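Below is one structure, written out as structure tokens; the observations come after it.
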Amino acid sequence: MPIDSVCVYCGSSNRVDEAYKDVARAVGRGLAEKGKRIVYGGGRVGLMGIVADAALAAGGKVTGIIPEHIQSREVEHTGLTELIVVADMHTRKRMMVERSDAFVILPGGFGTLDETFEILTWKQLNLHAKPIVIYNACGYWDHLLALIRGLVDAGFAPPANLDLFAVADTMEAMFAALARAEPVSGDVASKWM
Ligand code: AMP
């Protein structure tokens with residue numbers, strides 16, 4: 005199954021190192037140049053806004069999904085191809101999953117971690133079978149990856165959980181991982197479709 009749309013989870017903070025903003029810019033542009041529609045949280049702030057702006061500047065399509073109660077906090081992006089305002093966070097997160105063929109995790113904070121573990125645990129439960137790529141830009145996710153390995157070593161997660169996601173250190177590796185990890189069809193197909 006081709007990957008037409010990619011959900012990007014990333015931070016909403018503006019107070020981060022310029023290197024992470026460069027990563028967000030490159031990913032937004034790269035996805036647009038590959039003809040992938042971006043699905044994201046719909047805000048103008050932080051890496052989220054940078055990804056969207058870079059994709060739009062490169063002629064890409066961007067769908068933002070934002071709950072009305074955080075519209076002012078995350079400042080909804082008014083220049084998107086499509087902006088969907090939903091009632092609550094759960095609807096946003098479910099809709100982001102429904103509308104995406106794959107997920108890319110960029111550096112981020114609590115919200116990014118929440119979204120990451122939600123799609124990982126949904127995949128663990130066979131609720132979807134879509135590719136998940138953790139883009140470990142600048143080694144940002146080294147601690148997270150060590151934590152995940154620790155859970156497996158301690159027996160709290162099966163070793164097979166390490167196969168739920170791919171890790172990419174470069175943007176090229178990220179796109180290669182997306183290309184390799186095509187969704188499987190059959191009885192593990194998404195119940196969210
Ligand atoms: P952050 O990584 O904290 O900067 O947040 C990135 C995005 O995740 C923002 O659009 C948040 O609204 C969103 N997010 C998703 N789930 C949550 C949650 N449970 N708590 C906080 N933010 C969340």
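According to the working numbering, the sequence shown holds residues 5 to 197 in order.
We put the CB at the ideal spot given by N, CA and C, even for glycine.
Source: prediction; values computed, not measured.
**Of the residues L84, T85, R96 and L155, the one placed nearest K115, counting alpha carbons only** = Checking the displayed sequence, the identity of residue 115 turns out to be Gly instead of Lys. The shortest Cα separation from G115 among L84, T85, R96 and L155 belongs to R96.
**Prompt:** Alpha carbon to alpha carbon, how far is S17 from G112?
**Reply:** 8 Å
**Item:** Inter-residue spacing [alpha-carbon to alpha-carbon] between Y44 and A183
**Value:** 20 Å
**Message:** Going by C-alpha to C-alpha distance, which of I136, G63, N140 and F179 sits closest to N165?
**Reply:** I136
**Asked** Does the beta carbon of E102 fall short of 7 Å from some heavy atom of the ligand AMP?
**Response** no
**Asked** Is the distance from the Cβ of A30 to the Cβ of M175 below 8 Å?
**Response** yes
**Asked** Using the C-alpha atoms, what's the distance from G53 back to E102?
**Response** 21 Å
**Item:** Under the three-state DSSP convention, the category L51 falls into
**Value:** helix
**Request:** Compare the C-alpha of V27 against each of A58, V156, P163 and L87 and name the closest.
**Result:** A58
**Request:** Would you tell me roughly how many angstroms separate the C-alpha atoms of D167 and L149, rounded to the nearest one?
**Result:** 13 Å
**CA-to-CA distance, V12 to D92, given in whole angstroms** = 19 Å
**Request:** Please say whether V89 and E72 have beta carbons closer to each other than 8 Å?
**Result:** yes
**Prompt:** Roughly how many angstroms lie between the CA atoms of E119 and D105, to the nearest whole one?
**Reply:** 15 Å
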